[in-house]
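J.:
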Amino acid sequence: MRAAERLHRVAVLVLDGAKPLDVGIPAQVFTTRASMPYEVRVCGAAPGLVAGGDGLSYHVAHGLEALAWADVVFVPGYRFPDRDDPPPAVVEALITAHERGARMAAISTGAFALAATGLLDGRRATTHWHYTRALAARYPAINVDENVLFVDEGTVLTSAGAASGIDLCLHILRRDLGVAASNHAARRLVAAPYRSGGQAQYVPRSVPEAVGERFAATREWALHRLGEPLTLEHLARHAAVSPRTFSRRFVEDTGYTPMQWVMRARIDLARELLERSERSVEQIAADVGLGTGTNLRLHFHRILGTTPTEYRRTFTRGE
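So, in structure tokens, the structure goes:
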């Protein structure tokens, strides 16, 4: 780095209940060194002690003035994001920093703090999979994408759960300094420069919990017959209602049509077999009622954003 070059300025905003990994990722990735022309300031609503999550607290040296100084503002995730908005002074400082030209980057539930500013309205965004529905319900103007590791909307970026903060930071490095610098940082962190797929593969189940008990017996019946042909007519007949009534009420209960739900249930069973058996992709496709490996790969990638082979490699330990 030439002496005349100004360091890129990074502020990490620590809110009450901040998660330690979320705070540490940008602070470590952008730490100042010869290969990293960045300066990092960790800040809070005011200098001093900030109560964190998971038994940790933080003593921050800077207050909100750091946001007026920064080129990039990171908002790490924090506990109970769906309960209260950040303090008004924090919301105003984030808006002002963005208007001044700073990029906003939220890690995990930090997306809720950016949502409170209105900066995500009309934009695509993500957060930790456990909170995607809460974010969408509380801020309906946001296009919440639950399947990705991060979203880049130019001056506003969001990421999924904590580890995807690394993916987001490496992406920002690629934008700022190029692929070589990003790969160098990934090696230093012992992290993958790119990760295949999205966060959907880390969600325990693709099938959503139903709102009520209506059709519970039919859903249970279907789960034990995923390897067999299942049509809307089969399901409706078991529920003893017309296909039209079954379809309408099923969507009300689950948010998915009956056949979308069946497909996700089949993909969940395929995930379990990939993790716990040595059966081939072709065998698993037959087991879950998808017929061929090509069909399984198509729907697996559409729902989880990765391939069966990559999924098995990620979630099983090699010998």
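For what it's worth, full-length UniProt numbering labels the leading residue of the sequence shown as 1, then goes sequentially. Every residue, glycine too, gets a C-beta built ideally from N, C-alpha and C.
1) So, for residue 53: in the same chain, excluding its five sequence neighbours on each side, which residues have a beta-carbon less than 8 Å away from its beta-carbon?
2) Identify which residue in 61, 244, 133 and 102 has its Cα closest to the Cα of residue 154.
3) Quick check: the Cα distance between residue 114 and residue 287, rounded to an integer number of angstroms?
4) Is it buried or exposed for residue 224, if we count other Cβ within 10 angstroms and need 16 for buried?
5) Counting Cβ pairs, one atom from each stretch, are 3 or more of them under 8 Å apart for the region 5-14 and the region 33-53?
6) Could you check how far apart the C-beta atoms of residue 160 and residue 173 are, in whole angstroms? I think they sit under 8 Å.
7) Cutting at 8 Å between CB atoms, please list the residues of its own chain near residue 28, excluding the five before and the five after it.
8) Would you report the Cα separation of residue 72 and residue 9, rounded to the nearest angstrom?
9) Under the three-state reduction of DSSP, which class applies to residue 213: helix, strand or coil?
10) Assuming residue 268 is part of the alpha helix (DSSP H), what are its boundary residues?
11) Could you give the DSSP three-state label for residue 250: helix, strand or coil?
12) Quick check on the DSSP output: the alpha helix (DSSP H) that includes residue 182 runs from which residue to which?
13) Tell me which residue opens and which closes the beta strand (DSSP E) that residue 11 is part of.
14) DSSP three-state label for residue 38, please.
15) Using the Cβ count rule (16 or more neighbours within 10 Å means buried), how would you classify residue 250?
16) DSSP state of residue 295, grouped into three classes?
T.: Based on what the coordinates show:
1) 17, 18, 19, 20, 78 and 79
2) 102
3) If I take the Cα positions, the gap works out to 44 Å.
4) exposed
5) yes
6) With 8 Å as the limit, residue 160 and residue 173 do not qualify as a contact, their Cβ atoms being about 18 Å apart.
7) 189
8) 6 Å
9) Coil, per DSSP.
10) 258-276
11) helix
12) 179-189
13) DSSP places residue 11 inside the beta strand (DSSP E), whose first and last residues are 8-13.
14) strand
15) Its Cβ being crowded by 16 or more others within 10 Å, residue 250 is buried.
16) helix
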